[in-house]
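Counting in the numbering used here, the sequence shown runs from 4 upward without gaps.
Each residue gets a CB set at the ideal place from its N, CA and C atoms; glycine is no exception.
Read the structure below first, then the notes.
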Amino acid sequence: TRPEDFKSHLLMATAYLWIGNTEKAKESATTAVQKVASANDSVKGLVYCQIGNILNDAKEFELALQNFNQAIAIANGGDIVKFEANQGLGILYYNKAADYIEEANKVPETDVTGKYEELLNLSKEQFRLAIPHFTTSMKMVENDKYRVQQYVTALRALKTIYARLEMYDQMPEITKRLQAIGLEN
4 TRPEDFKSHL LMATAYLWIG NTEKAKESAT TAVQKVASAN DSVKGLVYCQ
54 IGNILNDAKE FELALQNFNQ AIAIANGGDI VKFEANQGLG ILYYNKAADY
104 IEEANKVPET DVTGKYEELL NLSKEQFRLA IPHFTTSMKM VENDKYRVQQ
154 YVTALRALKT IYARLEMYDQ MPEITKRLQA IGLEN
């Protein structure tokens, strides 16, 4: 088998997740990793990142986290792997925070158990975990004209996170960076 055969297994993993078959998706992802076992570290790292993104979209956060961490652990994966893994981890933590906020908003106003505050605190914890990953990915692509969209994603995520965490002292830098590329927010 050729290492590039992994792509069809990643597509299958995505398709299985779309129809709600997480087990088959995991099998396809595992097969994709096996297909690149003899490939270079960059290819392996990017496969782990792609699997992490697929699992993140399926809200399989723990498995996604394992794959992103696996990508980071590959020392010779290079900057592209480091970028993809950090961007993926930032998005993962951001999505988890958003899920907690969504859950908190479903708590009835009459609830006196503290569930609302607990969920908001969990969201803040996830937002804090996202900051170093978005900061790393942002700095890695700030001068890369081919990765402007990823740069903007990181900046906008950080702006939302800083607002949610009331870290207003961090906002001017993000606003300045957005304005430097012609965006207001």
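So residue i and residue j are supposed to be a Cβ contact under 8 Å. How far apart are they, rounded?
i	j	result
L122	M141	Their Cβ separation, rounded to whole angstroms, is 28 Å, which puts L122 and M141 out of contact at 8 Å.
Y96	S126	Rounded, the Cβ-Cβ distance is 10 Å, inconsistent with contact.
L13	A35	5 Å
Determine the burial state of residue i: buried for a count of at least 16 other Cβ atoms within 10 Å of its Cβ, exposed for fewer.
i	result
K179	exposed
G93	buried
G23	exposed
L186	exposed
T4	Since pLDDT at T4 reaches only 44, below the 50 mark, its modelled position is unreliable, and no value is offered.
K62	exposed
V115	exposed
I54	buried
Taking the Cβ atom as the reference point for each residue, do residue i and residue j lie within a distance shorter than 8 Å?
i	j	result
L66	L58	yes
Y19	K10	no
Y165	Q173	yes
Using CA coordinates, which residue listed in the options is at the minimum distance from residue i?
i	options	result
D44	S126, V84, T138 and T34	V84
E105	V115, W21, Y119 and E145	Y119
K99	E112, D60 and V110	D60
Could you tell me if the beta carbon of residue i falls within a distance shorter than 7 Å of some heavy atom in the ligand SAM?
i	result
D44	Looking at this structure, you won't find the ligand SAM or any other ligand, since it has none at all.
Could you tell me which whole alpha helix (DSSP H) segments of length 4 or greater appear in the region 115 to 171? Whole alpha helix (DSSP H) segments, 4+ residues: 118 to 144 and 151 to 167.
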